[in-house]
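Residue 163 is where the sequence shown starts when you use my numbering, and the numbers rise one by one after that. Have a look at the structure below before the remarks.
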Amino acid sequence: MSDRTADQGRASRDRQDFDRATAGWLRFRGCDAPSNAVRVQNHGMTEHSPDYIRSLNNAERILGFSLAPFVDPRPSEPANAYDFTRIATEHAFNDAWPRTDHLDLRTRALVSVTITASLGILEPLRGQLRIALYNGVTKEEIVEAFIQMAVYAGVARAFDSYSVAREVFAEYDEARGAAATDDD
């Protein structure tokens with residue numbers, strides 16, 4: 163077996179393990195487990211366009227769970243909130259993430275971790291770390307990105323960001339443990 167085939171097999175097993183872990187993590191957080199289809203909940207605001215539905219489907223493949231409950235406006239929000247979330251979601255998940263001709267999804271996820279960490283936007287970093295782990299980036303690779311980031315974006319920023327990574331690593335391990343328990 164070639165090294166590349168072994169790596170692909172390991173990545174596939176890691177992805178399956180993380181799928182189970184994500185389901186456990188979502189149950190732990192009181193959410194539904196990931197589905198294979200987008201559950202659209204737009205609160206009667208407007209019909210979803212095909213592009214928006216495609217972006218939600220792409221997001222679900224990348225995240226492992228439906229993004230719709232998190233981006234669809236609530237009844238208390240103004241009518242143009244739907245425009246904001248639709249535009250942002252389509253831009254990210256139709257225009258950027260699917261571009262795999264030159265950067266694969268795994269690499270794109272690690273780049274996104276580094277960007278959000280360098281900018282110091284810690285809550286989005288939490289989501290990018292989850293995406294990276296879900297798409298086969300290892301914890302060790304993430305640590306290496308923080309080492310590199312410390313040189314160019316500053317040690318203080320890297321430490322702040324790494325504190326978020328520690329929390330995500332712990333919840334990842336906890337969810338993997340819950341998924342392993344579910345399999346028994």
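Here a beta-carbon is modelled for each residue, glycine too, at the ideal position from N, C-alpha and C. Keep in mind the model is a prediction, meaning the values are calculated, not measured.
Limits of the unbroken alpha helix (DSSP H) element including N219: N219: member of the alpha helix (DSSP H) spanning 212-225, first to last residue.
First through last residue of the alpha helix (DSSP H) which encompasses E232: Looking at the sequence itself, residue 232 is Phe, so the reference to Glu does not match. First-last of the alpha helix (DSSP H) with F232: 230-233.
Inter-stretch contact (C-beta, 8 Å, three-pair minimum) for the stretch 265-278 and the stretch 290-308: Result yes; three or more Cβ-Cβ pairs closer than 8 Å.
Three CB pairs or more closer than 8 Å across the stretch 244-257 and the stretch 275-287: Taking a contact to require three or more Cβ pairs closer than 8 Å, the stretch 244-257 and the stretch 275-287 do not qualify as touching.
For V326, three-class secondary structure by DSSP: The answer is helix: DSSP assigns V326 an H, G or I state.
Secondary structure of D245, DSSP reduced to three states: When DSSP states are grouped into helix, strand and coil, D245 belongs to the helix group.
Rounded separation between L265 and R216 - CA only: Rounded to whole angstroms, L265 and R216 show a C-alpha spacing of 20 Å.
Burial state of S228, where buried means 16 or more other Cβ atoms lie within 10 Å: Under a 10 Å Cβ-count criterion, S228 is classified as buried, with 16 or more other Cβ atoms of the shown protein chains found around its own Cβ.
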